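>
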Amino acid sequence: MEAILCDGSALHYWRTHVDATASTLGRGPLLPKRRGRLCVDAPSAAIVRDVKELGLCGDGTVCLLVGKTSSKRKLKGARVRVISSEVPSRSLVRVTGDLYVVTPELLFLMAASKMSLVRLLELGHELCGTYRMTGSGPTYNTEPLTCVSSIRSYVKKAKGIRGRERALVACKYLADNSGSPAETALSIMFRLPLYYGGYGLGNPLLNHRITLNKGASRLLGGQMTIRPDFYWSRARYPVEYDGTLYHSTKAENDADERRRNAYAALGMGVTVVKPRHLRRVDLLDEIAGAIRKNTGIRAYRLPANYAETHHRLFMEACRYWA
């Protein structure tokens, strides 16, 4: 069975069939070793059946990649895509035998030809983050499948492949280490510039490790570091996302107060984002205003159609909460 999984099948594989502690470098040979064209036979009904029996694609359509138009076939239960241009090295990973899957970098590039910018950024944050979106909901504390620099480097080399220009644009607004879908939504809103409807708040680090001084460490029971969800390093300003709808215990409220006091001991203020801020654009606007004030990021003149573009972006990026 010679075949290459791509699109939805590849995404399903990377989400569900990769050990939480494994990286792409530990998943077998990355092929081809040098730039070249994809050489794979035209898929058959038997290949589609075999892939489904392996359980690598969930219950959905089997998505397969071929290297020339003449190899494209109409097959029941399958969707076949063509990349006839040369692909960079490190484009494929062997799953088993002669069955391959596109790397996260090529997966991102292929997605760029059919996804909106917001959906593409969501995918990129997930691939570079520490969570996976599965049918039962997010799985947390996983190892990133790739990183922004690897995606950017790959896309720059992938000349002639459809979606490359959009992928390069998206790379400007990707971030490593997103820990949840909510952090991804906030990252998109914070990072995208005004002409996309975002807040234009620069490129905060996500879950960046900050070393505590003795006073701050003592407040957190001897903990040596703290990792705010967002951190504007030049301004030394953290933002925390509190995903709980409410705190029902004194212990949880005390923990929040200790973290705020630890930041104060470091000479930092902190802004806390709640789920309600992802439900109403006016509330998120207030958060963005506080960040702008505390980081010193200039507020430029808004584009003429900003209100409409901003609301449209919010409704897409925060659609699970709005």
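At position 267 of the sequence shown the residue is numbered 268 (the working numbering), and the sequence of numbers has no breaks.
Glycine included, C-beta positions come from ideal geometry on N, C-alpha and C.
Just so it is clear, the structure is predicted and the values come from calculations on it, not from any experiment.
1. Report the partner residues of A217 according to the DSSP bridge assignment.
2. How many whole angstroms separate the CB atoms of V88 and L107, which I take to be in contact at a CB cut-off of 8 Å?
3. For I189, name the three-state secondary structure that DSSP assigns.
4. Would you call L284 buried or exposed, if buried means 16 or more other Cβ atoms sit within 10 Å of its Cβ?
5. Give the DSSP-derived three-state secondary structure of V282 in the structure shown.
6. What is the DSSP secondary structure of C64, reduced to helix, strand or coil?
7. Within its chain, find whatever has a CB closer than 8 Å to the CB of T310; leave out the 5 residues flanking it on each side and keep chain order.
8. Report the rounded CA-to-CA distance for L169 versus G290, giving the unit in angstroms.
9. Counting only the same chain and skipping the five closest in sequence on each side, list residues whose C-beta sits under 7 Å from that of M269.
10. Can you give, in chain order, each stretch of the alpha helix (DSSP H) that sits fully within the segment 226–265 and has at least 4 residues?
11. Of the residues G68, Y321 and L55, which one's Cα is nearest the Cα of D42?
12. If you drop the 5 nearest sequence neighbours on each side, which residues of the same chain put their C-beta closer than 8 Å to that of G27?
13. As an exercise, report each continuous beta strand (DSSP E) stretch of at least 3 residues that is fully enclosed by the segment 48–122, in chain order.
14. By the DSSP assignment, the alpha helix (DSSP H) with T17 in it spans what residues?
15. Which first and last residues belong to the beta strand (DSSP E) in which T135 is found?
16. Using 8 Å for Cβ pairs, my map puts Y14 next to V81. What's the rounded Cβ distance?
17. What did DSSP end up calling L32 once you bin it into helix, strand or coil?
18. Am I right that S90 and R35 are in contact with their C-beta atoms under 8 Å? What's the rounded C-beta distance?
19. Below 7 Å CB to CB, which residues in the same chain sit around Y200 once its five sequence neighbours on both sides are set aside?
20. Given the structure, does W233 come close to the ligand NAD, in the sense that its CB is under 7 Å from one of the ligand's heavy atoms?
Taking the geometry as given:
1. A217 is not bridged to any residue.
2. Correct: roughly 7 Å between the Cβ atoms.
3. In the structure shown, I189 sits in a helix (DSSP, three-state: H, G or I).
4. It counts as exposed.
5. Helix, per DSSP.
6. Three-state DSSP puts C64 in a strand.
7. Within the same chain, T310 has close Cβ partners Y196, Y197, G198 and P304.
8. Take the alpha-carbon of L169 and the one of G290: they are about 29 Å apart.
9. Hits under 7 Å: R237, Y238 and P239.
10. As far as the segment 226–265 is concerned, it has no whole alpha helix (DSSP H) run of at least 4 residues.
11. Per the C-alpha coordinates, the member of G68, Y321 and L55 positioned closest to D42 is G68.
12. Any answer about G27 is weak, because its pLDDT of 42 lies below 50 and its placement is not dependable; what the coordinates show is given next. No residues qualify anywhere along the chain.
13. Within the segment 48–122, the complete beta strand (DSSP E) segments at least 3 residues long are 63–67, 79–83, 93–97 and 100–103, listed from N- to C-terminus.
14. Taken as a continuous stretch (DSSP letters only), the alpha helix (DSSP H) holding T17 covers D8 to T17.
15. Note, T135: beta strand (DSSP E), Y132 to T135.
16. Contact doesn't hold; Cβ gap of about 17 Å is too wide.
17. Correct three-state label for L32: strand.
18. So it is a contact: roughly 5 Å between Cβ atoms.
19. Excluding the 5 residues flanking it on each side, Y200 has same chain C-beta neighbours closer than 7 Å at M190, F191 and A289, in chain order.
20. Ligands are entirely absent from the displayed structure, and the ligand NAD is therefore not among its contents.
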